[in-house]
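First residue of the sequence shown: 90, per the working numbering; consecutive thereafter.
The block underneath contains the structure these notes are about, expressed in structure tokens.
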Amino acid sequence: MFVRGSKNAVTKHMVAAILGEGPSVIRRVPEVGDVAITTDILRSLGVAVDHDVAAGVITVEPHEGVTTEVSTSFSGLNRIPILLLGPLLHRTGEAFVPMVGGDPIGRRPVDFHIDALRALGAEIEVRDNGIAAKATRLKGARIELPYPSVGATETVLLSATLAEGRTVLRNAATEPEVIELALFLQRMGARIEMSPGRKITIDGVTSLKGAQTTLSGDRNEAFSYLVAGLVTGGEVRVHNCPQDRIVTAITTLNRMGARFDITDEYIQASAPDGLKPAAVQTDTHPGFMTDWQTPLVVLFTQADGMSVLHETVYEDRLVYVPALKQMGAEIELFSTCLGGESCRFHDTNAVHSAIVKGVSKLRGAEVDVPDVRAGFSSVIAAAIADGPSTITGIHHLERGYHRPAEQFAELGLPITPVA
90 MFVRGSKNAV TKHMVAAILG EGPSVIRRVP EVGDVAITTD ILRSLGVAVD
140 HDVAAGVITV EPHEGVTTEV STSFSGLNRI PILLLGPLLH RTGEAFVPMV
190 GGDPIGRRPV DFHIDALRAL GAEIEVRDNG IAAKATRLKG ARIELPYPSV
240 GATETVLLSA TLAEGRTVLR NAATEPEVIE LALFLQRMGA RIEMSPGRKI
290 TIDGVTSLKG AQTTLSGDRN EAFSYLVAGL VTGGEVRVHN CPQDRIVTAI
340 TTLNRMGARF DITDEYIQAS APDGLKPAAV QTDTHPGFMT DWQTPLVVLF
390 TQADGMSVLH ETVYEDRLVY VPALKQMGAE IELFSTCLGG ESCRFHDTNA
440 VHSAIVKGVS KLRGAEVDVP DVRAGFSSVI AAAIADGPST ITGIHHLERG
490 YHRPAEQFAE LGLPITPVA
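See the structure below:
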């Protein structure tokens, strides 16, 4: 199985491309809904976007006359509009974007983004239908994030590259997709320095050029398909995702009994002797990624014993559990911190820990999925369930995974659309 570039990286690269003078080319682009949404947003602003779907190549070229306002018709579709504020301020001096969307997995406050832009000199007005901003020229600043937010770090990178002077960002996110964006901006001419302790220094430049890049493989997809193979007792080989992008995930699965064959070309996993339970806590990079926990919980249902999951990134990430319980999974949810140190949701009402009893015999059911990762988990749970399952809300899966029906068919799991 070959995975394409990360959906969490490609859309940010598309936004970065509007900062350049000239076209930028992005390769190994996945065919996912978020790419189509971002393409529509950029085209509505007057940015030329050419998407060769078959080749997986996108060319983005901004022109004079880029408009300042993202239509409210894009409200709630994904998180891209908030990232456009800085780039639009650089091109036009003013901007308006609707409120962000995305999966219903917990609060995604825009406060970090707004505070960072204000520190850079933008005048921000939060309205009922969106956010308006003005700035003659953004200026470098010292910014410390209250939490290493991926989105807020990306906002600073996209906004500070053309700001006047130096920006020092502390407590920055260091996820591979963030580093990939920083490297792309550097190819465009940005001056970005990474330092230990989550510190990023950006010296503003007067202009950027277009650049080209080939995206690294999607670590979410790679992990998800490896788990799909383990859940079903099979063996999956994933190409195009470097080992260092899922190193923590590999070790976690290894502790559960998975065996790996890792080369420069692929990562292969199997569990011929069965699966053991585990206690896993999600965290910011380089910890266990929050997006990985959804398929992991399905894997827990097939491990012999009691497993514990402690979610520390989003307080409402366990919204998919009722669907799995409907299929026969034995899962109990708790608002206390289990399986790790106390997190920022300690002493709140957030249900963010789960105890999973395995081995569970799952059964087919009619389930509705609430988000991208839950969609994948429901499919792999259905793959090992007795009897057929009908899954609605499958558009979430298509928004985040490259041609999932074809990929599952390649693994031997046919998915039949229901009219």
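Backbone N, C-alpha and C define an ideal beta-carbon position, used for all residues, glycine too.
Only a predicted model underlies this, so the values are computations on that prediction, with no experimental measurement involved.
Query - Three-state secondary structure assigned by DSSP to residue 380 - result: The residue you call residue 380 lines up with position 291 of the sequence shown. If DSSP states are grouped into helix, strand and coil, residue 380 belongs with the helices.
**Report entry** C-alpha gap between residue 197 and residue 161, whole angstroms
**Finding:** Locating residue 197 in the sequence shown gives position 108, where the first residue counts as 1. Locating residue 161 in the sequence shown gives position 72, where the first residue counts as 1. The predicted model places residue 197 with a pLDDT of 47, which falls under 50 and marks its position as unreliable; any figure quoted below should be read in that light. Residue 197 and residue 161: Cα-Cα distance of roughly 19 Å.
Report task. Kindly indicate which residue of 494, 343, 369 has the alpha-carbon position closest to the one of residue 359. Result -> Residue mapping note: residue 359 aligns to position 270 of the sequence shown, counting from 1. Nearest option by C-alpha distance: 343.
Query raised in the report: Among 415, 164, 213, which one has its Cα closest to the Cα of residue 183?
Result: Taking the sequence shown and counting its residues from 1, the one referred to as residue 183 is at position 94. Of the listed residues, the one whose Cα sits closest to residue 183 is 213.
Query raised in the report: Got a sec, what are the start and stop residues for the beta strand (DSSP E) residue 357 sits in?
Result: Residue mapping note: residue 357 aligns to position 268 of the sequence shown, counting from 1. Looking at the DSSP string, the run of the beta strand (DSSP E) that includes residue 357 is 355-359.
Query raised in the report: For residue 397, which residues of its own chain have a beta-carbon under 6 Å away from its beta-carbon, when the five flanking residues on both sides are left out?
Result: Counting from 1 along the sequence shown, the entry for residue 397 is found at position 308. So the list reads 368, 427, 428, 444, once near-sequence residues are dropped.
Requested in this report: Could you tell me which residues DSSP puts in a beta bridge with residue 456?
Outcome: Here residue 456 corresponds to residue number 367 of the sequence shown, with the count starting at 1. Per DSSP, 480.
Query raised in the report: When DSSP labels each residue in this structure, what does residue 94 get in the three-state scheme?
Result: Counting from 1 along the sequence shown, the entry for residue 94 is found at position 5. Strand at residue 94.
Query raised in the report: Nearest-angstrom Cα distance between residue 448 and residue 376?
Result: Translated into positions along the sequence shown, residue 448 becomes position 359. Translated into positions along the sequence shown, residue 376 becomes position 287. So the two alpha carbons sit approximately 26 Å from each other.
Query raised in the report: With distances taken from CA atoms, which of 293, 339, 364, 94 is nearest residue 323?
Result: Numbered from 1 along the sequence shown, position 234 holds the residue referred to as residue 323. For the residues 293, 339, 364, 94, the minimum Cα distance to residue 323 belongs to 364.
Report task. Quick one: measure Cβ to Cβ for residue 446 and residue 475, integer angstroms, because I've assumed they're closer than 8 Å. Result -> Numbered from its first residue, the sequence shown carries residue 446 at position 357. Numbered from its first residue, the sequence shown carries residue 475 at position 386. That pair is no contact at about 18 Å.
Query raised in the report: Would a C-beta distance cut-off of 8 Å place residue 269 and residue 305 closer than the cut-off?
Result: As a working note, residue 269 is residue 180 in the sequence shown. As a working note, residue 305 is residue 216 in the sequence shown. Cβ distance < 8 Å, so residue 269 and residue 305 count as in contact.
Requested in this report: Measuring alpha carbon to alpha carbon, tell me which of 228, 321, 326, 299 ends up nearest residue 310.
Outcome: In the sequence shown, counting from the first residue as 1, residue 310 sits at position 221. The shortest C-alpha separation from residue 310 is found at 326.
Query raised in the report: What does residue 446 pair with, by DSSP beta-bridge criteria?
Result: Taking the first residue of the sequence shown as position 1, residue 446 is located at position 357. In the DSSP output, where bridge partners are listed per residue, residue 446 has 395, 419.
Query raised in the report: Closest by CA to residue 135, which one among 145, 156, 125, 122?
Result: Within the sequence shown, residue 135 is the residue found at index 46, counting from 1. The option with the nearest alpha carbon to residue 135 is 156.
Query raised in the report: With 16 as the cutoff for other CB atoms within 10 Å, does residue 99 come out buried or exposed?
Result: Position 10 of the sequence shown, counted from the start, is the residue given in the question as residue 99. Counting Cβ neighbours within 10 Å, residue 99 comes out buried, since at least 16 surround it.
Query raised in the report: Any idea what DSSP makes of residue 147, helix, strand or coil?
Result: Position 58 of the sequence shown, counted from the start, is the residue given in the question as residue 147. Residue 147 falls in the strand class under three-state DSSP.
Query raised in the report: Once you ignore the five residues that flank residue 132 on each side, which residues in its own chain have a CB closer than 6 Å to its CB?
Result: Taking the first residue of the sequence shown as position 1, residue 132 is located at position 43. Only 138 meet the Cβ criterion.
**Report entry** Coil, strand or helix - residue 192 by DSSP
**Finding:** Taking the first residue of the sequence shown as 1, we reach residue 192 at position 103. Confidence at residue 192 is low in this model, with a pLDDT of 41, below 50, so the placement of that residue is unreliable and no value is reported for it.
Requested in this report: Whole angstroms is fine: what's the gap from residue 494's alpha carbon to residue 504's?
Outcome: If you number the sequence shown from 1, residue 494 lands on position 405. If you number the sequence shown from 1, residue 504 lands on position 415. Each residue's alpha carbon lies about 6 Å from the other.
**Report entry** Presumed contact (8 Å Cβ cut-off) between residue 202 and residue 229, rounded CB distance
**Finding:** Taking the sequence shown and counting its residues from 1, one reaches residue 202 at position 113. Taking the sequence shown and counting its residues from 1, one reaches residue 229 at position 140. Contact flag wrong, Cβ pair sits at about 17 Å.
Query raised in the report: Given a threshold of 16 other Cβ atoms within 10 Å of its Cβ, counted over all protein chains shown, does residue 271 qualify as buried or as exposed?
Result: Taking the first residue of the sequence shown as 1, we reach residue 271 at position 182. That one is buried.
Query raised in the report: So what's residue 288 in DSSP terms, helix, strand or just coil?
Result: Translated into the one-based positions of the sequence shown, residue 288 becomes position 199. Three-state DSSP puts residue 288 in a strand.
Report task. Using the DSSP secondary-structure output, state which residues sit across from residue 141 in a beta bridge. Result -> Residue mapping note: residue 141 aligns to position 52 of the sequence shown, counting from 1. BP columns for residue 141 point to 146.
Report task. Grab the span of the alpha helix (DSSP H) containing residue 436 for me, first residue to last. Result -> Numbered from 1 along the sequence shown, position 347 holds the residue referred to as residue 436. Segment: none, residue 436 is in no alpha helix (DSSP H) and carries neither H nor E.
Query raised in the report: With a CB to CB cut of under 6 Å and the five nearest residues on each side skipped, what residues in its chain are close to residue 348?
Result: Residue mapping note: residue 348 aligns to position 259 of the sequence shown, counting from 1. Here the set comprises 359.
Query raised in the report: For residue 256, does the three-state DSSP call read helix, strand or coil?
Result: Sequence index remark: in the sequence shown, residue 256 carries index 167 (1-based). DSSP places residue 256 in strand when its eight states are reduced to three.
Query raised in the report: Which term fits residue 193, buried or exposed, when burial requires 16 or more other beta carbons within 10 angstroms of its beta carbon?
Result: Residue mapping note: residue 193 aligns to position 104 of the sequence shown, counting from 1. Only weak support is given to the placement of residue 193: the predicted model assigns it a pLDDT of 40, under 50, and the value that follows is read from those uncertain coordinates. By the 10 Å Cβ count, residue 193 comes out exposed.
Query raised in the report: What are the complete alpha helix (DSSP H) segments, minimum 4 residues, inside the stretch 204-283?
Result: 239-249, 265-276
Query raised in the report: Helix, strand or coil: which one does DSSP assign to residue 451?
Result: Counting from 1 along the sequence shown, the entry for residue 451 is found at position 362. In this structure, residue 451 counts as coil in the three-state DSSP scheme.
Query raised in the report: Does the Cβ of residue 236 have 16 or more other Cβ atoms within 10 Å, making it buried, or fewer, making it exposed?
Result: Locating residue 236 in the sequence shown gives position 147, counting from the first residue. Answer is exposed; the Cβ neighbour count stays below 16.
Requested in this report: Would you kindly check if the distance between the Cβ of residue 247 and the Cβ of residue 176 is under 8 Å?
Outcome: In the sequence shown, residue 176 corresponds to position 87, counting from 1. In the sequence shown, residue 247 corresponds to position 158, counting from 1. In this structure, residue 247 lies closer than 8 Å to residue 176 by Cβ.
Query raised in the report: Roughly how many angstroms lie between the CA atoms of residue 328 and residue 469, to the nearest whole one?
Result: Looking up residue 328 in the sequence shown gives position 239. Looking up residue 469 in the sequence shown gives position 380. So the two alpha carbons sit approximately 20 Å from each other.
**Report entry** Sheet register partners of residue 310 (DSSP bridge)
**Finding:** Indexing the sequence shown from 1 puts residue 310 at position 221. Note: residue 310 sits in no beta bridge, so no partner.
Query raised in the report: Leaving out the 5 sequence neighbours to the left and right, which residues in its chain are closer than 6 Å to residue 338 when beta-carbon positions are compared?
Result: Residue mapping note: residue 338 aligns to position 249 of the sequence shown, counting from 1. Counting only Cβ-Cβ distances below 6 Å, and skipping sequence neighbours, we find 312, 381.
**Report entry** Which residues DSSP lists as bridging residue 115, in chain order
**Finding:** Here residue 115 refers to the residue found at position 26 when the sequence shown is read from its first residue. BP columns for residue 115 point to 147, 302.
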